[in-house]
Amino acid sequence: MPLEGSYVVWNNRGGSGKTNLTYHLAIKYAYRNPDKTVLVVDMCPQADLSHAFLGDDEDGHDYVSQIGSLKKDPMILDGQQRIPRTISGYLDIYTSVGLPNNVDPRTFLFNVSKFNNQLPRNVNKRIYL
Numbered sequence: 001m002p003l004e005g006s007y008v009v010w011n012n013r014g015g016s017g018k019t020n021l022t023y024h025l026a027i028k029y030a031y032r033n034p035d036k037t038v039l040v041v042d043m044c045p046q047a048d049l050s051h052a053f054l055g056d057d058e059d060g061h062d063y064v065s066q067i068g069s070l071k072k073d074p075m076i077l078d079g080q081q082r083i084p085r086t087i088s089g090y091l092d093i094y095t096s097v098g099l100p101n102n103v104d105p106r107t108f109l110f111n112v113s114k115f116n117n118q119l120p121r122n123v124n125k126r127i128y129l
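Structure (structure tokens):
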């Protein structure tokens, strides 16, 4: 995925609509640009944008908590160490030992459609968190 451009939605105040705006911008951009892949980086400590994209499983448990707690889709490093596929998981490994040569940073990304098939079909295969 070569980077062709990036956009940031930022405000130092809560409740200003950043999550809602980012969610709709990502969906609309993916819809209008079917040849592009959209990467959404959720830096919010509450992971609200990730919650919006991923939703809940069939039992009503949210996927964000499952991913962060290694119950769902962990990355296995060196055959044993389990690391969550999250920004904090990436930063933990990167700051502790540096990113090992055999780990591609893209392995920390996952396709939203793997967890949420309720998004429009023409966009859900192209949005990654």
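Using the UniProt record's numbering, you'd call the opening residue of the sequence shown number 1 and step up by one each time. The beta carbon of each residue, even a glycine, is placed where N, CA and C say it ideally should be.
When the distance is taken between beta carbons, is Leu-49 closer than 7 Å to Tyr-63?
Position 63 of the sequence shown, counting from 1, holds the residue named residue 63. Position 49 of the sequence shown, counting from 1, holds the residue named residue 49. If you check the CB distance, Tyr-63 and Leu-49 do not come in under 7 Å.
As assigned by DSSP and simplified to three states, the class of Asp-42
Working through the sequence shown from its first residue, we reach residue 42 at position 42. Coil.
Count the other CB atoms, across all protein chains shown, that sit within 10 Å of the CB of Asn-12; report buried if there are 16 or more and exposed otherwise.
By 1-based counting over the sequence shown, the position of residue 12 is 12. With fewer than 16 other Cβ atoms within 10 Å, it is exposed.
Contact set for Asp-42: own chain, Cβ-Cβ below 6 Å, skip 5 residues either direction
Locating residue 42 in the sequence shown gives position 42, where the first residue counts as 1. Spatial neighbours of Asp-42 in its own chain (CB-CB distance under 6 Å, excluding positions within 5 residues in sequence) are listed in chain order as Leu-49 and Ser-50.
Pick from Arg-32, Tyr-23 and Gln-118 that is closest to Lys-57, judged by C-alpha positions
Start at 1 with the first residue of the sequence shown, and residue 57 comes out as number 57. Looking at the sequence provided, one finds Asp at residue 57 rather than Lys. For the set Arg-32, Tyr-23 and Gln-118, the Cα lying nearest the Cα of Asp-57 is the one of Gln-118.
Output the distance between the C-alpha atoms of His-61 and Gln-46, rounded to the nearest integer angstrom.
Translated into positions along the sequence shown, residue 61 becomes position 61. Translated into positions along the sequence shown, residue 46 becomes position 46. Whole-angstrom Cα-Cα distance: 16 Å.
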